[in-house]
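Chemist: Numbering (our numbering), first residue to last: 38 to 130.
Glycine included, each C-beta is placed from N, C-alpha and C at the ideal position.
Just passing along the structure, written as structure tokens.
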């Protein structure tokens, strides 16, 4: 089932929820997502999951990427620096 279909179903179910339960926010704007990640760090949120609207969840596959809100410090003979932790093994400086 595609994410868009699952999301519509979730939003329908969420109409009966009471706080503190709520549906997670969604955006296609990378800058807005970065702002959320920075804002969430202080509240202890672990990170964001990045996925395409047309993708499907498939166990054992890595089509979705989790960007953690913690930094990872790397020291070795070739590279050093602080990188954002990304669960698929990629990193950005």
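Does the beta-carbon distance from residue 86 to residue 103 come in below 8 Å?
Modeler: In this structure, residue 103 lies closer than 8 Å to residue 86 by Cβ.
Chemist: Taking the alpha helix (DSSP H) that residue 58 falls in, what are its first and last residues?
Modeler: Taken as a continuous stretch (DSSP letters only), residue 58 belongs to no alpha helix (DSSP H), as it is neither H nor E.
Chemist: Would you kindly work out how many angstroms separate the C-alpha atoms of residue 98 and residue 65, rounded to a whole number?
Modeler: Rounded to the nearest angstrom, the two C-alpha atoms are 22 Å apart.
Chemist: So residue 86 is in the beta strand (DSSP E); what residue range does that whole segment cover?
Modeler: It spans 84-87 - the beta strand (DSSP E) in which residue 86 sits, taken as one unbroken run.
Chemist: Would residue 79 be called buried (16 or more neighbouring beta carbons within 10 Å of its own) or exposed?
Modeler: Exposed is the call here.
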